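Number of protein chains: 2
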Amino acid sequence: MTSKASSPFNRALERLVPRVDRALDRLLPRATQEPRTLHRAVRYSVFAGGKRLRPALCLLACESVGGRVGDAVPSAAALEMIHTFSLIHDDLPGMDDDDWRRGRRSNHVVFGEGTAILAGDALLNLAFQTLARAPLGRIRDPRVLWETVGDATGTNGMIGGQALDLLYEGKRVSLARVLAMHRRKTGALLRASLRLGALIGGASPARLRAFHAYGERIGLAFQITDDLLNVRASRRQTGKSVGSDRRKGKATAASRGGVAASERLAARLLAEAHALTPRLGRREAEFASLTETLLHRTR
Amino acid sequence: MTSKASSPFNRALERLVPRVDRALDRLLPRATQEPRTLHRAVRYSVFAGGKRLRPALCLLACESVGGRVGDAVPSAAALEMIHTFSLIHDDLPGMDDDDWRRGRRSNHVVFGEGTAILAGDALLNLAFQTLARAPLGRIRDPRVLWETVGDATGTNGMIGGQALDLLYEGKRVSLARVLAMHRRKTGALLRASLRLGALIGGASPARLRAFHAYGERIGLAFQITDDLLNVRASRRQTGKSVGSDRRKGKATAASRGGVAASERLAARLLAEAHALTPRLGRREAEFASLTETLLHRTR
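Chains as they are written, first to last, in the working numbering: chain Y, 1 to 299; chain R, 1001 to 1299.
Here is the structure:
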């Protein structure tokens, strides 16, 4: 998301991200509230320059099917809390052991391991507290919110994907398994973000299926291009240590299938996603523009 | 909870705990399901001989106000998941660094730190997934379930209490602050367990207030007696390392107010709790018996 400041997707980000940021600021406990260190740690990682991709997808999906974006803002903020929880825990010494994140010191480097673990726990819990108080838009049963997010986050989704990622480190793993791991680790929450927004906006079952198919492809392509960046780019570009995946023997599409094959796979997934955008409703142009932005990243 | 196998509270445990254990077995992912290490780690700590105090309080409160115990079983299981999540994370090297729990090796000692962090995360998430699918009994709006549990678990409750516990280690802290920390760390979830069961059972506002007052007192007394056991008992009795709180400079009522004063405080709280039991409904005898069991622990 580095280029083309004037693309439809980037204009949508400029319009929507401030609403997400204001909601996060309102929903997170003040840094002056006890325990202050914990609340400072939570805010440090939530306001660390994240792109807000998941909340943006949620809000765009809601708008795209004719819903009111305001109805989806608290749920979108909850998705960013879950994403941030996963980043804090993934960076811990007992997990990926990364000292840098988005060009800043990782949470545990600044606040210590104990507080970083608790800051992640607090964000996961706060996400569900937020969903318990969020507007429902056109959803009738509030339990749909929790099930959608809980399933994407749990051992069949993000948390399970991270466990597989740990397990595969330094092992010979097929490309198919790497992709199945990415589907859980990154794909599940991206798909849930679209689904949640679409549900709040009142999407038809056919529209929900189109969002699912689109989310499946951009989720996978996003992770593949992220891994390609780790292979090639400088820390200035990614905010992380260059080549850290390789040093750790991380199972990535690039390491298991080769860089060129990864690029081709990402391009194919993004072309498929692009072809789906006419079925996504009013924000078709923004969703098409996102696939182009991601394609640009692979080059 | 070591003595008087025939007390009303212990007979209630014998009757109710198997239902909780069966629900946990049904609700937790199979150990044969991928990622297997993660699911084995989750089950290792959930089935490690816990007393199931929180689920038992939830089910007794439901029965006590005339509710159907079956309606409260999944919610009771969710409470045990949250309790187990907190134990796994508290034992981590970056937190309390305990290698033993309930007489067995801690989760991270057996499965490694990364998996232990994820097992805790998975249990917190699964608790909310469970609450999203739990029967409501006499609750009308399912969001009441989530708010009750989310508030007790978050930075105003258990997670915030653990952050204060870390912060107070090795520091001079007043007894009042120690008690305020215990109210969050242990008290909040115990109170929420009673409240949840009472709500599912259809308790009146007056009954809910009585449960709150009773839970407040047994929660605090429970933590004080737990800390006294850590000072005096053998590992065989507690399943943890003896005197570990003292070695770490943990802020406890015993360390900040003295052992004798702690015993008196616990006895006073339990006497107050006992006096409240006639207002708790049909399971008055069981709730009274619990206060006696806890009182026995202080001696």
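C-beta: ideal position from N, C-alpha, C; glycine also.
Note that the structure is a prediction, hence the values are computed from the model and not measured.
Enclosing alpha helix (DSSP H) for residue i [first to last residue]
i, result
"V1178 of chain R", "1175-1182"
"S1193 of chain R", "1188-1201"
"F1128 of chain R", "1113-1133"
"V46 of chain Y", "36-46"
"S1086 of chain R", "1069-1091"
"A56 of chain Y", "53-64"
"S1155 of chain R", "For clarity, residue 1155 of chain R is Thr in the given sequence; the question names Ser instead. From DSSP, T1155 of chain R is part of no alpha helix (DSSP H); its letter is neither H nor E."
"R264 of chain Y", "259-276"
"L295 of chain Y", "284-297"
"I1218 of chain R", "1205-1232"
"K248 of chain Y", "244-248"
Residue i and residue j closer than 8 Å at C-beta
i, j, result
"E1014 of chain R", "R1282 of chain R", "no"
"R1104 of chain R", "L1087 of chain R", "no"
"L301 of chain Y", "F287 of chain Y", "This structure does not reach residue 301 of chain Y, given that chain Y is present from 1 up to 299, and the question cannot be answered."
"V259 of chain Y", "R246 of chain Y", "no"
"P35 of chain Y", "L1164 of chain R", "yes"
"F1009 of chain R", "L1290 of chain R", "yes"
"A198 of chain Y", "L189 of chain Y", "no"
"T293 of chain Y", "E284 of chain Y", "no"
"F1113 of chain R", "G94 of chain Y", "First, the amino acid is wrong: residue 1113 of chain R is Glu here, not Phe. In contact: E1113 of chain R and G94 of chain Y (Cβ atoms closer than 8 Å)."
"L92 of chain Y", "I117 of chain Y", "yes"
"G1160 of chain R", "R1191 of chain R", "no"
"R66 of chain Y", "G219 of chain Y", "The displayed chain sequence assigns Gly, not Arg, to residue 66 of chain Y. Contact: no."
"F111 of chain Y", "T37 of chain Y", "yes"
"R297 of chain Y", "S174 of chain Y", "no"
"V1109 of chain R", "D1099 of chain R", "yes"
"T130 of chain Y", "L53 of chain Y", "no"
"T155 of chain Y", "H1039 of chain R", "yes"
"P142 of chain Y", "P1055 of chain R", "no"
"A1077 of chain R", "L1024 of chain R", "yes"
"R217 of chain Y", "E272 of chain Y", "yes"
Cutoff 8 Å: residue i Cβ touching any chain R Cβ
i, result
"A251 of chain Y", "no"
"L126 of chain Y", "yes"
"R129 of chain Y", "The question names Arg, yet the displayed sequence has Gln at residue 129 of chain Y. Yes, Q129 of chain Y counts as interfacial toward chain R."
"I159 of chain Y", "yes"
"R246 of chain Y", "no"
"P142 of chain Y", "yes"
"A122 of chain Y", "yes"
"A188 of chain Y", "no"
"H89 of chain Y", "yes"
"G150 of chain Y", "yes"
"G114 of chain Y", "yes"
"L166 of chain Y", "yes"
"A132 of chain Y", "yes"
"L290 of chain Y", "no"
For residue i, the three-state DSSP class (helix, strand or coil)
i, result
"R1019 of chain R", "helix"
"R1105 of chain R", "strand"
Closer than 8 Å to chain Y by CB, residue i
i, result
"G1153 of chain R", "What sits at residue 1153 of chain R in the sequence shown is Thr, not Gly. Output row for T1153 of chain R: interface = yes."
"L1280 of chain R", "no"
"H1182 of chain R", "no"
"V1178 of chain R", "no"
"L1092 of chain R", "yes"
"T1117 of chain R", "Looking at the sequence itself, residue 1117 of chain R is Ile, so the reference to Thr does not match. So, interface residue."
"T1002 of chain R", "The pLDDT assigned to T1002 of chain R is 45, lower than 50, so where the model puts this residue is not dependable, and the model offers no usable value."
"A1031 of chain R", "no"
"H1083 of chain R", "no"
"T1037 of chain R", "yes"
"W1146 of chain R", "yes"
"Q1162 of chain R", "yes"
"F1287 of chain R", "no"
Item checked: Three or more C-beta pairs below 8 Å linking the segment 1179-1192 of chain R and the segment 1214-1227 of chain R -> yes
Next item on the list: Decide if the segment 144-151 of chain Y is in contact with the segment 1109-1121 of chain R; the criterion is three or more beta carbon pairs, one per stretch, under 8 Å apart.
Entry: no
Notebook entry, point to check: Between the segment 1046-1064 of chain R and the segment 1005-1025 of chain R, are three or more C-beta pairs nearer than 8 Å?
Noted result: yes
Margin query: Contact between the segment 72-85 of chain Y and the segment 129-140 of chain Y is defined here as three or more beta-carbon pairs at a separation below 8 Å; is this criterion met?
Written below: yes
Next item on the list: Evaluate the contact criterion for the segment 30-47 of chain Y versus the segment 157-172 of chain Y: three or more CB pairs, one atom per stretch, below 8 Å.
Entry: no
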